[in-house]
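Here the protein sequences line up with chains A and B, keeping their order. In terms of our numbering, the first sequence opens at residue 1 and continues consecutively. In terms of our numbering, the second sequence opens at residue 355 and continues consecutively. Glycine included, every Cβ here is placed at the ideal spot set by N, Cα and C.
There are 2 protein chains.
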Amino acid sequence: MVVDGISYYNGAEKFAEKIKGRGSFVLLMGNTDTAFIPGITAAGISPELTPYTPPLDAELVETGRILTLGDIPLTPEAIPTPGLITRAVVTLSDFRRYYVDTGMSISPIVPHYRVGSVPGKDIRTGHALSNVKEIIETAKKVGAQIASESEYLVIGESIAAGTTTALGVLLAMGHTMDGFTSSSLQVNPQSLKSSVVLEGLKKAGITQPVDPIRAIESVGDPMMAGAIGLILGAKNVPIILAGGTQMAAVAVLLSRIVDLKGFNIALATTGWVAKDSSANLFGILKQGNVDIPVMTADLSFARSKFEGLLAYEKGHVKEGVGAGGISVAAMLKGVTKEQIEDTVEFIYSKMVGQ
Amino acid sequence: MVVDGISYYNGAEKFAEKIKGRGSFVLLMGNTDTAFIPGITAAGISPELTPYTPPLDAELVETGRILTLGDIPLTPEAIPTPGLITRAVVTLSDFRRYYVDTGMSISPIVPHYRVGSVPGKDIRTGHALSNVKEIIETAKKVGAQIASESEYLVIGESIAAGTTTALGVLLAMGHTMDGFTSSSLQVNPQSLKSSVVLEGLKKAGITQPVDPIRAIESVGDPMMAGAIGLILGAKNVPIILAGGTQMAAVAVLLSRIVDLKGFNIALATTGWVAKDSSANLFGILKQGNVDIPVMTADLSFARSKFEGLLAYEKGHVKEGVGAGGISVAAMLKGVTKEQIEDTVEFIYSKMVGQ
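Okay, here's the thing in structure tokens:
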């Protein structure tokens, strides 16, 4: 099934035929204290508000409003969260929505599952998480429950500094992928990320490749553990990993635990990530020996009258909150690229009051 | 509106006319370490499993199954949770369901809001909760959100040892209500409860009546704080407090914070609580100067072939998980008393495999 607005890689046309019915969007939410390192992430309205990013994303996607902090005035120059794209798609289609707390500082005013109870520590400690196995076990049950109510899953994430932890686990498993993960910042702070990860690996005493659980425990984040458990529990339905280099890292982690041939799994992201010259989504999958279909939603905000949305065309943000994957799934259901772009423009115009 | 199977008190016929439309059931879940005091509660399959009572109730109501612990074999003598009645009503009607964690040890495998993060301490410490105001503030937002999607609310609870903490806050506010709260045990352990509460009051240094916030902080539980916030936030819609003496205590607490005349609020419970000679629901409301309508669902399991259900007729359990209130609301919508009783019998027969 080939649809305008989607690019297909690695046999994704065949996978796309499995995407039928209503489908479910799952947002994995988490925090890592790594996000407090200055300059590492653009997520969040301000550094102090970074921990609010996941709950506000969930509230925006589910209700169209920000409930936890009250209404935040936005200027037309403010670059919006990719959750705005996800919200637009949700209003255009009929996805069931599920929200999963994998380890958050602040709970969203949205009903959610809870598979972890603490944010990840700064990975420079080398001891990011002590509850990886517990998160996976609980997330398995949640995945099975959601799958029992779903034709297929689209799994997105909201965790600030997640591309840094993604780099962390890839290096911990022995891959040499410096410069391969994406960033929400226009200028990808690769050297900062690398130094953060290397400090963490050193503190963790990792000098040889380690297994995926140890990698997450040392320099990962709770979202990864939640994703792995969720996928293992939802094995019986097709799964779209909705994200860029973070979800590629999840795929690599997962492939070290189970044989992906037993799963119906693909990765879908935005064209902005796929085209990102500072990162290499396909390189991660190839070096990680992960052979799964990939699709991109080739959205463009070039027609926007707002600086905040035009910024996406200049390399800001790129992906997050499952924006690319849910857009792909919606387009496979018949929603057009232009409908998504126009709805984003409309919702954003309301947010900035213009 | 007078319906067979419901008893009306204090002008409840008029309140019942306001109950129109689909309506929403809200389950407030919480834990208090007070439940670990031997002999104080019958909730839970065994003392070690007492903390599992609220998540398992939520899972039973929402999915008809127990997910967190896997399938638990029940003998036909096992006295089932009142959540079984709530589940039966949910299958017979069209209530929206919402679950709210006010402070739990274990999260349910059911999507839920989260307004508190820690269980209450044993009230014998005199310092049961330190986050009462935070719970209320967050619960207000959740209440407003739920009310915006609801014609009316039915608010139930699942917290083991909740009748002891109810007694605690009533005494702390200066009421002399020993022997007025109900119990899940056939023989109400009034003297144990009183001694637990008195120890807590002494440790808290309470010798004069205190305000409701201080009462909850000293000898209350997180469910109470969640209920108060939820009601304050949902002020614009009719509210049924679905419970017995615990919800009566919530009504007394609330009446010390706001004028209840500004609310459309009633209490609804089971006939088993109303007829309980060891407690006095109406006495609590009267002594507490709370003038609200009361309804009871006059269910009977006398026709059951199972010992576990017949036990309800002998004074076991009586109420919980909003069973009485949701039954009243369903009967106001046209579900009959017999349909509820027969559905409980059917679900229970499946649970015990007969």
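Check: With three or more C-beta pairs closer than 8 Å as the rule, is the stretch 179 to 186 of chain A touching the stretch 124 to 143 of chain A?; Outcome: no
Check: Relative to the C-alpha of E62(A), which candidate in E199(A), V321(A) and V237(A) has its C-alpha closest?; Outcome: V321(A)
Check: Alpha carbon to alpha carbon, what distance is there between I680(B) and G437(B)?; Outcome: 11 Å
Check: Closer than 7 Å, Cβ to any Cβ of chain B: which residues of the stretch 103 to 127 of chain A, in chain order?; Outcome: S107, I109, P111, H112, Y113 and R114
Check: Pull up the distance between the alpha-carbon of M601(B) and that of V252(A), whole angstroms please.; Outcome: 51 Å
Check: With burial defined as no fewer than 16 other Cβ atoms inside 10 Å of the residue's Cβ, what is the status of D575(B): buried or exposed?; Outcome: buried
Check: Who are the Cβ neighbours of L67(A) in its own chain at under 6 Å, not counting the five residues just before and after it?; Outcome: E59 and I109
Check: I want to verify the contact list: residues of chain A whose CB lies under 8 Å from the CB of Y452(B), in sequence order.; Outcome: P111
Check: Give me the chain A residues within the contact set of V496(B), using Cβ-Cβ distance strictly less than 7 Å, ordered along the chain.; Outcome: I109
Check: In three-state terms, what does DSSP make of S7(A)?; Outcome: strand
Check: What does L27(A) pair with, by DSSP beta-bridge criteria?; Outcome: Y99(A) and G156(A)
Check: Can you give me the start and stop residues for the beta strand (DSSP E) that L621(B) sits inside?; Outcome: I619 to T624
Check: Looking at the unbroken beta strand (DSSP E) that takes in I240(A), where does it start and where does it end?; Outcome: I239 to A242
Check: Quick one: which chain B residues come within Cβ less than 7 Å of L67(A)?; Outcome: K495 and Q499
Check: Taking one C-beta from the stretch 343 to 354 of chain A and one from the stretch 278 to 293 of chain A each time, how about it: are there three or more such pairs within less than 8 Å?; Outcome: no
Check: Kindly indicate which residue of M104(A), Y98(A) and L241(A) has the alpha-carbon position closest to the one of E149(A).; Outcome: Y98(A)
Check: Spatial neighbours of D448(B) within its chain, please: CB distance less than 6 Å, with the 5 preceding and 5 following residues excluded, ordered by chain position.; Outcome: R376
Check: Alpha carbon to alpha carbon, how far is L381(B) from M577(B)?; Outcome: 10 Å
Check: Could you say which of K668(B), S609(B) and K629(B) lies nearest to K640(B) if we only look at CA atoms?; Outcome: S609(B)
Check: Can the beta-carbon of M649(B) be found less than 7 Å from the beta-carbon of V357(B)?; Outcome: no
Check: Please state the DSSP three-state secondary structure of G308(A).; Outcome: helix
Check: Which residue comes first and which comes last in the beta strand (DSSP E) that contains A772(B)?; Outcome: Only positions 355 to 708 of chain B appear in this structure, which leaves residue 772(B) out of reach.
Check: Any beta-carbon of chain D closer than 7 Å to the one on I394(B)?; Outcome: This model lacks chain D altogether, as its protein chains are A and B.
Check: Less than 7 Å separating the beta-carbons of K557(B) and G480(B)?; Outcome: yes
Check: Classify S512(B) as buried or exposed, calling it buried when 16 or more other Cβ atoms lie within 10 Å of its own Cβ.; Outcome: buried
Check: Per DSSP, what are the beta-bridge partners of G334(A) in this structure?; Outcome: Beta-bridge pairing links G334(A) to no other residue.
Check: In terms of DSSP beta bridges, what is G120(A) paired with?; Outcome: T32(A)
Check: If we ignore side chains and look at the alpha-carbon of each, how far apart do N364(B) and T623(B) end up?; Outcome: 14 Å
Check: Can you tell me the Cα-Cα spacing of V142(A) and G528(B), whole angstroms?; Outcome: 45 Å
Check: Could you check where the alpha helix (DSSP H) with G395(B) kicks off and where it finishes?; Outcome: Sequence check: residue 395(B) is Thr here, not Gly. Premise fails: T395(B) is in no alpha helix (DSSP H) and is neither H nor E.
Check: Near E345(A), what residues of its chain come up, given a Cβ to Cβ distance below 6 Å and the 5 sequence neighbours on each side ignored?; Outcome: S304
Check: Considering only their Cβ atoms, is the gap separating I594(B) from A620(B) smaller than 7 Å?; Outcome: yes
Check: Go ahead and pull the three-state DSSP assignment for R419(B).; Outcome: coil
Check: Counting only runs of 4+ residues fully inside the stretch 199 to 247 of chain A, write out the alpha helix (DSSP H) ranges in chain order.; Outcome: 212 to 219 and 222 to 233
Check: Need the endpoints of the alpha helix (DSSP H) that F15(A) sits in, please.; Outcome: A12 to A16
Check: I'd like to know whether the C-beta atoms of A225(A) and A35(A) end up nearer to each other than 7 Å.; Outcome: no
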